[in-house]
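Take -13 as the starting number for the sequence shown in this note's numbering and just add one per residue. All C-beta atoms in this analysis are idealised placements derived from N, C-alpha and C, irrespective of residue type, glycine included. Worksheet: the structure to be examined is printed underneath.
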Amino acid sequence: MLLIASANGAVGMAAGWAILQADGTALDAVEAATRKVEDNPKDHSVGYGGYPNLLGEVELDASIMEGATLRAGAVGALRGFRHPISVARQVLEQLPHVLLVGEGAARFATELGMQPENLLTPPAEQAWRAGLAGRLPEEFRDAQGQIMERMLARATRLATDPERVAGTVNFIAQDAAGHIASAVSTSGWAWKYPGRLGDSPIIGAGNYADDRYGAAACTGWGELAIRASTARSVVMYLQHGYALEDACRAAFRDLGALGLPPEHCLMSLIALDRHGQHCAVSTAPGRTYVYQAQGMASHAELPRLVAEV
Ligand code: ASP
């Protein structure tokens, strides 16, 4: 039995572990753990209190995957519901689909009986206003101070900064039966273009789990993980016989082909193999992750390996 998470997942570890300890499934554990992070208003990269898009709207992405069956569910650009991971779980359980976005995802959440609410907290709104202040020339705004529709693309390029992307929560669990599941939830890039999806809801990019080999889940610059299929690459390298750490390093080296200066490639991931070995890797030094294994009374924090692209 094992539960690992990005460092901001610490607030969800107890909820996930309680399920594993009661012989629950890895799938239930990662969903329950993720919900706690989505509830945390202090985490501005996930769920309620997440930073909004360019127009001040909180748009959430999440995905969940079951390694035993390769079933997956995901939602993208979901507005007005604080638990995208549970909507993603029900996509997995109830629909013949993998990914719902925007209005369709919100419609499904409503059909599930979830209550819509305003997710933009005063501190997140303040940060959004401050984040845009000074970055956008006056001519980008109309008389009411709103960014003009025809200026959105240019405003996105001026206002967002991939090097400031940091956050998103990752959980991977292995239950008592040996099954693996993974979950990812995020509010994505602060001040992103409305409708932008990152890697988190894209199965294979930000999230992948396969009982036969292992699982990986990413944080960092989502566009890069989409282009390089980073989470699936880790699992594919495991399938090809790489040891866990080598599989992660190989997936990071693949990012080098994307043509960016290495210092602009911000990527982190957590991973485990089917034997229960775990590790976490980042391009940035000083990052950590959390884990709990059998016999531990609570979770502990470990440093991430630093990998080059
Ligand atoms: N990967 C997320 C995204 O691109 C952001 C992050 O991890 O900070 O939406």
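Query	Result
Rounded straight-line distance, which links the Cα of P70 to that of A237	27 Å
Within 8 Å, strictly: CB atoms of G174 and G184	yes
Per-residue burial, A(-4) [other beta carbons within 10 Å of its own, 16 or more giving buried]	buried
DSSP three-state assignment for M134, whether helix, strand or coil	coil
Pair within 8 Å by beta-carbon distance, S168 and V16	yes
CA-to-CA distance, A19 to M(-1), given in whole angstroms	6 Å
Own chain, CB closer than 6 Å to L46, minus 5 neighbours either side, in chain order	L64, P70 and S173
Inter-residue Cα distance where the pair is I(-10) and E125	47 Å
Closer than 7 Å to the ligand ASP: residues, by C-beta to nearest heavy atom, in chain order	S31, D47, V151, A152, G153, T154, T172, G174, W175, G184, D185, S186, G192, C204, T205, G206, W207, G208, E209 and A211
Pick from Y37, T107, A159 and M100 that is closest to C265, judged by C-alpha positions	A159
Nearest residue (CA-CA) to D25, options G42, V155, G90 and D259	V155
Residue burial classification, G2 (beta-carbon count within 10 angstroms, cutoff 16)	buried
Assigned secondary structure, N39 (DSSP; H/G/I helix, E/B strand, else coil)	coil
Range of the contiguous alpha helix (DSSP H) that encloses P316	Nothing can be reported for residue 316, as the shown portion of the chain is limited to -13 through 295.
Rounded separation between A8 and V84 - CA only	29 Å
Boundaries of the beta strand (DSSP E) in which C234 is found, first to last residue	First-last for C234: L230 to L241, but that is the alpha helix (DSSP H), not the beta strand (DSSP E).
Counted within 10 angstroms of its Cβ, other Cβ atoms place D128 as buried (16 or more) or exposed	exposed
Alpha-carbon spacing of E149 relative to V295, whole angstroms	Summary for E149: the model assigns pLDDT 49, below 50, so the residue's position carries little reliability; its value from the coordinates is reported in the next sentence. Computed Cα separation, rounded: 15 Å.
Ordered list of alpha helix (DSSP H) runs contained in the segment -3 to 25, each at least 4 residues	12 to 25
Neighbour-count burial assignment, A283, 16 or more Cβ in a 10 Å radius	exposed
Exposure of D299, with buried meaning 16 or more beta-carbon neighbours within 10 Å	For residue 299 there is no data in the structure shown, the boundaries of the chain being -13 and 295.
For T205, the nearest candidate out of Y194, I256 and E111 (CA to CA)	I256
Proximity of S49 and I166 at Cβ, strictly below 8 Å	no
Secondary structure of N104, DSSP reduced to three states	coil
At least 3 beta-carbon pairs within less than 8 Å: the segment 75 to 83 vs the segment 272 to 289	no
According to DSSP, residues forming a beta bridge with P123	BP columns for P123 are empty, so no partner.
Short Cβ contact (8 Å threshold) for R273 with R290	yes
Cα-Cα separation between Q225 and Y199, rounded to whole angstroms	6 Å
Exposure of P187, with buried meaning 16 or more beta-carbon neighbours within 10 Å	buried
Buried/exposed call for Q80, threshold 16 Cβ in 10 Å	exposed
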